[in-house]
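Residue numbers (the working numbering): 748 to 833. Just so it is clear, CB atoms sit at the ideal spot from N, CA and C, and this is done for glycine as well. Report on the structure given below.
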Amino acid sequence: MSAARLIEAPHPDTAPRIMRRRDVCGQTGLGRSALYAAIKDGRFPKPIKLGLRASGWIEAEVAEWITERIAARDAAEAAAVKPNHA
């Protein structure tokens, strides 16, 4: 099964969906500290402000991040399988 079939981005004609931190952590498997460390390092999409004390993430950006992780894993596995010809 390809990564594209696992995570489907929302249809372009629909409004972007916003995910709260608990949902993002549940979807990605990242803990709170790991999530914010990844954001700080530029390895995860930045949240958008929803209010004074509320933030959220665009669902499509989170889905894209997950798809990229799957593709990176698959590429690493494929590279490890390739025989080295000298």
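| query | result |
| --- | --- |
| Indicate whether the contact test is met: 3 or more Cβ pairs, each with one atom in the region 813–821 and one in the region 788–805, closer than 8 Å. | no |
| Can you tell which of 805, 773 and 776 has its C-alpha closest to the C-alpha of residue 763? | 805 |
| Could you pull the DSSP bridge partners for residue 795 from this structure? | 803 |
| Which word fits residue 828, buried or exposed, when buried means at least 16 other C-beta atoms lie within 10 angstroms of its C-beta? | exposed |
| Looking at the secondary structure, which residues open and close the alpha helix (DSSP H) in which residue 829 lies? | Residue 829 -> no alpha helix (DSSP H), and no H or E assigned at all. |
| Between which two residues does the alpha helix (DSSP H) carrying residue 770 extend? | 768–775 |
| Restricting to Cα atoms, I'd like to know which of 792, 760, 809 and 789 is closest to residue 773. | 809 |
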